Amino acid sequence: MKNKELAALFHRIGDALDVKGEQTFKVLAYRKAARILEDLTDDIETLARDKKLESIDGIGHGIAQKIEEYVTTGRMAKYDEAVAGLPPGLLDLLDIPGLGAKTVSLAYEELHVGGLDDLKRVIADGSLAGLRGMGDKKVENIHKGIGLFEQGHARISICEAALISEAVISYLKKAPGIGRIDAAGSLRRMKETVGDIDILAEGRNGAAIIDDFVRIPGLKRILAQGDTKGSILVAVESSERQVDLRIVGSAEYGAALQYFTGSKEHSVKLRGLAKAAGLKISEYGVFRGAKKIAGRDEEGVYGALGLPWIPPELREDRGEIECARDGRLPRLVEAADLRGDLHCHTRASDGRMPLEDLAEQARSRGYAYIAVCDHSRSAAYAGGLTIERLEEQWAEIDRLNRRWKGFRLLKGSEVDILGDGKLDFPDKVLKHLDFVVASVHSGFKKNVTARMVKALENPWVDTIGHPSGRLLSGRRGYDVDLDRVIEAAAANGKALELNSHFDRLDLNDLYLRRAKDAGVLISIGTDTHSADGPAMIRFGLGIARRGWLEKKDVLNTRTAEGLVRWRKTRKR
DNA sequence: GCCGTTTTCGGCCCGACTGTTTTCAGTCG
Numbered sequence: 009m010k011n012k013e014l015a016a017l018f019h020r021i022g023d024a025l026d027v028k029g030e031q032t033f034k035v036l037a038y039r040k041a042a043r044i045l046e047d048l049t050d051d052i053e054t055l056a057r058d059k060k061l062e063s064i065d066g067i068g069h070g071i072a073q074k075i076e077e078y079v080t081t082g083r084m085a086k087y088d089e090a091v092a093g094l095p096p097g098l099l100d101l102l103d104i105p106g107l108g109a110k111t112v113s114l115a116y117e118e119l120h121v122g123g124l125d126d127l128k129r130v131i132a133d134g135s136l137a138g139l140r141g142m143g144d145k146k147v148e149n150i151h152k153g154i155g156l157f158e159q160g161h162a163r164i165s166i167c168e169a170a171l172i173s174e175a176v177i178s179y180l181k182k183a184p185g186i187g188r189i190d191a192a193g194s195l196r197r198m199k200e201t202v203g204d205i206d207i208l209a210e211g212r213n214g215a216a217i218i219d220d221f222v223r224i225p226g227l228k229r230i231l232a233q234g235d236t237k238g239s240i241l242v243a244v245e246s247s248e249r250q251v252d253l254r255i256v257g258s259a260e261y262g263a264a265l266q267y268f269t270g271s272k273e274h275s276v277k278l279r280g281l282a283k284a285a286g287l288k289i290s291e292y293g294v295f296r297g298a299k300k301i302a303g304r305d306e307e308g309v310y311g312a313l314g315l316p317w318i319p320p321e322l323r324e325d326r327g328e329i330e331c332a333r334d335g336r337l338p339r340l341v342e343a344a345d346l347r348g349d350l351h352c353h354t355r356a357s358d359g360r361m362p363l364e365d366l367a368e369q370a371r372s373r374g375y376a377y378i379a380v381c382d383h384s385r386s387a388a389y390a391g392g393l394t395i396e397r398l399e400e401q402w403a404e405i406d407r408l409n410r411r412w413k414g415f416r417l418l419k420g421s422e423v424d425i426l427g428d429g430k431l432d433f434p435d436k437v438l439k440h441l442d443f444v445v446a447s448v449h450s451g452f453k454k455n456v457t458a459r460m461v462k463a464l465e466n467p468w469v470d471t472i473g474h475p476s477g478r479l480l481s482g483r484r485g486y487d488v489d490l491d492r493v494i495e496a497a498a499a500n501g502k503a504l505e506l507n508s509h510f511d512r513l514d515l516n517d518l519y520l521r522r523a524k525d526a527g528v529l530i531s532i533g534t535d536t537h538s539a540d541g542p543a544m545i546r547f548g549l550g551i552a553r554r555g556w557l558e559k560k561d562v563l564n565t566r567t568a569e570g571l572v573r574w575r576k577t578r579k580r
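See below:
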């Protein structure tokens, strides 16, 4: 797949043209193409061969030709032309907060700044401050921006972002005159990682609330402080994280929430629709001429455009606006639909909770069942269970299950898929289990696709655990063709897992949608290892919704009896 | 560069904050 490679090229072309002062809309067109390629799960080379590039919204004749040129020749003349004459380190400077194309271009033209070292030099010797439109404060901001840039601006996990935003919100709720308050931005859209944290609040005295905001415990630096908007850095472990707060009146709260939730692409398309209908939409409301026709709540904003309210998780410009217009929006799966958790560990293997505590936690969440899926015998690193210990666990499960009405522990296993694609327990053991998750834990580059396909063909396997194997904190994942895995799951009537742990979220939103389209059911599991594990379900649910999953697409929305029936009646 | 049931040309989302200005440009989201 050359998708990511091409996306990087188009990003670079956009940056280069931006610095060279090319028309903004041309720059935006390249950046949009880059984003489309990043999101695309179809192989761009296949699409190019089939002459289908121009059927993608946002890819026109010009960019299609450039893609074709690149996949056939390995080069792209437009790219070479765009970066020609620019020093190799110049465009990287655009990633420095507070530094944009205009300033980079100016520093290059006037002072021959070609990269980070040059930039530091012209700051130190004062020559940058001498340029037109520059001053001491601007230079100081760029200097601080370099600090942030060098410290690394990695996105944080959705879990960490949720914790920070909840702390800030509970602090702000004590401020006088605060009304509605919500996390907006990518956190509200439940993206798997989050950059900055955006918070929107309703209040009359914005200046006073912002004044409170910039005094929050843990504050590292104030980036901006106005009457309606504040921006700060807070300390997070060893680094810093930006939190933006916006204050609006109650009459525009809905419009502002829509606006600050994004995504940018979704909002741009929405504004285009408004414009075509003779309306104007901003964070203050929807307007017909000078008359405001909506803004108090999001339903009204979408309603004014003739659309039903669109759930935040769908707002990525991936077809949701068209579906909303045609009345074809999915009814996304909700927390209340989930009747159980299909992947939990106990201290019998590498978990920390006893079986009984795990069950009580699940009962208190209102679940009807959970699948106890400790590791299998080959997983020595994780205290994998021998057949004997597995049988002991069954006895304990039977004993505990007599205790409750309306709740069941399911006998399960997270069985290793071995190097040859065989499973770590023989069929005569697997056949006694209620739920079998088959996972790859070793040999990440060794025939993973074929091994997963073979596991799916085993009649006792129900789902594949964390199918991509990637860790958001850094591990790339297996060398696996997920399309073939989805195909095999469909052919064998099996499920695939959505692992809800914040560092996994695997399958991701894009593959979930493909699996759904292929008719594959998704089993949502938390991969719980400790007492805070079951709460991870909120992140899994968020990703499921981003994957357009409905109640019917998720295996664990079924009753325990329904689950048993599914296992019995699926194709063998 | 993309796109079209108002357009194949002429649009393309819009406002806050900051800093350097004396009316506005750059950056960000």
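Position one of the first sequence corresponds to residue 9 (our numbering), numbered consecutively onward. For every residue, glycine included, the Cβ atom is placed at its ideal position computed from N, Cα and C. Just so it is clear, the structure is predicted and the values come from calculations on it, not from any experiment.
N455 by DSSP, collapsed to three states: which one?
-> coil
Residue from D125, L119, A284 and K12 with nearest C-alpha to Y78 | It is K12.
If we count Cβ pairs, one from each stretch, closer than 8 Å, do we get three or more for the segment 513–522 versus the segment 547–564?
-> Because the criterion of three Cβ pairs below 8 Å is met, the segment 513–522 and the segment 547–564 touch.
Counting only runs of 4+ residues fully inside the segment 538–572, write out the alpha helix (DSSP H) ranges in chain order.
-> 545–554
If we call anything under 8 Å between Cβ atoms a contact, is G533 one with H351?
-> yes
Note down the Cα distance separating G193 from V294, rounded to an integer number of angstroms.
-> Using only the alpha carbons, I get a separation of about 20 Å.
Nearest neighbour of P475, chosen from R336, L55 and D424 [CA to CA] | D424
Would you kindly report the start and end of the unbroken alpha helix (DSSP H) that includes Y310?
-> E306 to A312
For Y377, which residues does DSSP report across the bridge?
-> G348 and R416
Taking the beta strand (DSSP E) that Q250 falls in, what are its first and last residues?
-> S247 to V256
Do you know how far the Cα of V121 is from the Cα of E273?
-> In this model, E273 and V121 are separated by some 33 Å (Cα to Cα).
Assign S508 to one of three DSSP states: helix, strand, or coil.
-> coil
Which first and last residues belong to the beta strand (DSSP E) in which K228 is found?
-> Per DSSP, K228 belongs to the beta strand (DSSP E) from L227 to Q233.
On the DSSP bridge assignment, give the partners of D190 in chain order.
-> L208
Have a look at G262, V341 and G29 and flag the residue whose alpha-carbon is nearest the alpha-carbon of K110.
-> G29
Taking Cβ to Cβ, would you say Q159 is nearer than 8 Å to D204?
-> no
CB-CB under 7 Å to I21, same chain, minus the five flanking residues each way: which ones, in chain order?
-> Y38, K86, Y87 and A90
Which residues does DSSP pair with G238 in a beta bridge?
-> Partner(s): Q233 and L253.
Going by beta carbon distance, what residues of the same chain come within less than 7 Å of V147, once the five residues before and after it are set aside?
-> I131, L136 and A137
Which whole-angstrom value describes the C-beta separation of L571 and I530, a residue pair presumed to lie in contact below a C-beta threshold of 8 Å?
-> About 13 Å separates the beta carbons of L571 and I530, which is beyond the 8 Å limit, so they are not a contact pair.
Identify, in the order they occur along the chain, each residue of the same chain with its Cβ nearer than 8 Å to the Cβ of I207, setting aside the five sequence neighbours on each side.
-> S173, V176, I177, L180, I189, D190, A191, A192, V251, D252, L253 and R254
When DSSP labels each residue in this structure, what does T394 get in the three-state scheme?
-> coil
Short check: CB of V309 to CB of L557, under 8 Å?
-> no
With which residues is H449 paired in a DSSP beta bridge?
-> In the DSSP output, where bridge partners are listed per residue, H449 has none listed.
Assigned secondary structure, L340 (DSSP; H/G/I helix, E/B strand, else coil) = If DSSP states are grouped into helix, strand and coil, L340 belongs with the strands.
What is the residue span of the alpha helix (DSSP H) that K299 lies within?
-> Premise fails: K299 lies in the beta strand (DSSP E), K299 to A302, not in any alpha helix (DSSP H).
Under 8 Å between C-beta atoms of A484 and R478 | It should be noted that the sequence gives Arg, not Ala, for residue 484. In contact: R484 and R478 (Cβ atoms closer than 8 Å).
Compute the distance between the beta-carbons of R407 and T394, then report whether it is under 8 Å.
-> no
Answer yes or no: do V437 and V448 have a C-beta to C-beta separation smaller than 8 Å?
-> no
Opening and closing residue of the beta strand (DSSP E) in which K288 lies = K288 to S290
Is the distance from the Cβ of I318 to the Cβ of K277 below 8 Å?
-> no
From A284 to K299, what does the alpha carbon distance come to, in whole angstroms?
-> Each residue's alpha carbon lies about 17 Å from the other.
Whose C-beta lies closer than 8 Å to the C-beta of L313 among residues of the same chain, with five residues either side of it excluded?
-> These residues qualify, in order along the chain: L278, L281, A282, A285, L287, I289 and V294.
Alpha carbon of A72 to alpha carbon of L61, nearest angstrom = 6 Å
Locate the beta strand (DSSP E) running through I530, then write down its first and last residues.
-> Residues L529 to G533.
Specify, as a first and last residue, the run of the alpha helix (DSSP H) that G153 falls within.
-> Start and end: D144 to Q159.
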